Amino acid sequence: MINGSMLKTRILIIGSNGMLGQRLINFFSVNSNVELLCVSKEEKSFIDNIEYRSLDITQKQKVMDIVLDFFPDYIINAAAYTSVDKAEEEREITWKINVNGVENIALYSWTIDAHLIHISTDYIFDGKNGPYSEDDKPSPINYYGRSKLASENSIRTSGVRFTIVRSNVLYGPVKFGRNDYVKWVVESLRSGKEIRIVKDQFNNPTFIDDICLAINKLIEFKKEGIFNIAGPEILSRLDFTYRIADYFSLDKKLVTPIVTEDLKQPAPRPLKSGLITLKAETQLGFRATSITDSFAVIRKYLGL
Ligand SMILES: NC(=O)c1ccc[n+]([C@@H]2O[C@H](COP(=O)([O-])OP(=O)(O)OC[C@H]3O[C@@H](n4cnc5c(N)ncnc54)[C@H](OP(=O)(O)O)[C@@H]3O)[C@@H](O)[C@H]2O)c1
């Protein structure tokens, strides 16, 4: 926990309306040692009773205004263009948000010597021989992955104090905005809808609340560099879906196994992916929540 000092730790959460952003708000807003400011693209915050301002990170001057005004100790950037398939077509806007936007954040973090914590992805890898450690060589195979790798590189060369948190397939008790994967599967199967799920994509799905805990540890231990934060088990998307179906007592017969090739998606996907979390385990004491325990939290929190 962040605690101890007379002065509160000032944290700016960027992208606070996103899946991860919402859970970061829930996590840090209850810590009385933290002064929080949340920003995201929308006019209003999805979550009430917090300090919120609207910010488009591609607008350099506005990033400057907010960072210099709030003067945070830590900036957590959870904002990104995250639509993997659309990114293939929408290259300009993807680059503007994921690279130029991050350059803006890094520049003003550096200006006030704030520590920047940025979220990245296993999609910077090609998925030929995962799971990947922090030291493995990136080789993205789609435009989203290329833009996220470029965002990492722009931070690394900016001179800012930074921590990059790489993760994959985020899921959790997210109340607002788009559905996470678990809620989507539960709602689909419960309404009797058939879903086609790939059996050839492997990774370790990550309980979002584990990322919040890990970021708190990174702040507590003042860790810089790259850290993989991900789930406890590598499994195929199909097996993850069966685990959801089993836990929530849903009809598995509605799940049709397919291969990635069948989907004809615009963006190629890394197939054998996932992230090794040994560094976080040894340096932060990170312990990923079991899949069953994470489903229990989701069920309780969302009433699923
Ligand atoms: N979801 C995953 O499975 C996954 C896996 C690995 C890594 N990640 C990374 O984790 C981070 C958080 O992902 P997430 O799933 O929470 O994403 P998300 O739900 O799509 O949230 C991203 C947030 O950023 C906001 N945003 C987009 N463009 C912006 C801009 N120009 N200025 C300010 N805010 C902007 C979005 O607003 P709008 O919705 O209005 O655009 C949204 O609220 C991202 O960096 C992502 O790359 C995600």
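Mapping the sequence shown onto our numbering, position 56 (from 1) lands on 98, and the numbers just tick up by one.
Every residue gets a Cβ at the ideal spot worked out from N, C-alpha and C, and that includes glycine.
None of these values were measured; they are calculated from a predicted model.
C-alpha distance - residue i paired with residue j, whole-angstrom precision
i      : j      : result
Ser291 : Val109 : 47 Å
Lys264 : Thr153 : 19 Å
Arg285 : Ser332 : 12 Å
Phe69  : Cys254 : 7 Å
Val30  : Arg279 : The requested residue 30 is not part of the displayed model; the chain covers only 43 to 346.
Arg341 : Pro182 : 35 Å
Arg203 : Asp155 : 7 Å
Leu344 : Val216 : 8 Å
Arg52  : Lys259 : 16 Å
Gly316 : Ile271 : 10 Å
Val76  : Tyr289 : 36 Å
Glu84  : Asn59  : 8 Å
Ser87  : Ile56  : 12 Å
Val360 : Lys225 : The structure shown has nothing for residue 360, since the chain only spans 43 to 346.
Val141 : Lys179 : 19 Å
Ala192 : Gly63  : 21 Å
Gly219 : Met61  : 8 Å
Pro173 : Met48  : 42 Å
Glu262 : Thr248 : 21 Å
Ser230 : Phe328 : 33 Å
Leu305 : Pro114 : 44 Å
Glu134 : Gln101 : 15 Å
Thr283 : Ser233 : 16 Å
Asp168 : Asp107 : 38 Å
Asp335 : Lys235 : 26 Å
Leu277 : Gln103 : 44 Å
Gln243 : Ile118 : 29 Å
Thr324 : Tyr116 : 23 Å
Tyr223 : Gly214 : 8 Å
Lys321 : Glu132 : 35 Å
Asn73  : Ile89  : 16 Å
Residue(s) in a DSSP beta bridge with residue i
i      : result
Tyr213 : Phe249
Lys19  : This structure cannot settle anything about residue 19, because the visible part of the chain is limited to 43 through 346.
Asn270 : Arg208
Tyr116 : Ile53 and His157
Tyr94  : Cys80
Thr298 : Arg238
Thr100 : Paired residue(s): none; Thr100 is not in a bridge.
Arg203 : His157
Leu344 : Bridge partners of Leu344: none, in fact.
Leu277 : Asn245
Ile163 : Position check: residue 163 holds Thr in this sequence, whereas Ile was assumed. Note: Thr163 sits in a beta bridge opposite Ser209.
Neighbourhood of residue i by C-beta, 7 Å cutoff - its chain only, sequence neighbours within 5 removed
i      : result
Ile268 : Glu176, Ile206 and Arg208
Thr136 : Tyr123, Ala129, Tyr185, Tyr186 and Ser189
Asn171 : Lys314
Lys50  : Asn75, Val76 and Glu77
Ser71  : Leu78 and Ile92
Glu266 : Arg203, Phe204 and Thr205
Ile99  : Ile56, Val105, Ala121, Ile139, Gly143, Asn146 and Ile147
Close beta carbons around residue i, own chain, < 6 Å, minus the five adjacent residues each side
i      : result
Ser200 : Ala148 and Trp152
Ala309 : Val126, Asp127, Glu130 and Asn184
Ser162 : Lys190, Glu194, Ile206 and Arg208
Ile166 : Pro180, Pro182, Gly187, Lys190 and Leu191
Gln307 : Asp127
Ser96  : Glu85
Tyr150 : Val105, Met106 and Val109
Phe337 : Tyr289
Supposed close pair residue i, residue j - CB separation, criterion 8 Å
i      : j      : result
Leu54  : Phe112 : 6 Å
Asp164 : Pro312 : 7 Å
Val240 : Thr302 : 5 Å
Tyr94  : Val81  : 7 Å
Asn245 : Asn210 : 5 Å
Leu212 : Ile257 : Wrong, their Cβ atoms sit about 13 Å apart, outside the cutoff.
Ala330 : Asp252 : 5 Å
Contacts around residue i, its chain only, beta-carbon distance under 8 Å, and the 5 residues preceding and following it disregarded
i      : result
Ile197 : Val144, Ala148, Leu158, His160, Phe204 and Ile206
Val228 : Ile286, Phe290, Leu292 and Leu346
Ile300 : Arg238, Ile239, Val240 and Lys241
Lys295 : none
Below-8 Å beta-carbon distance, residue i vs any chain C residue
i      : result
Asn146 : Within the model displayed, chain C is absent; a lone protein chain is all it includes.
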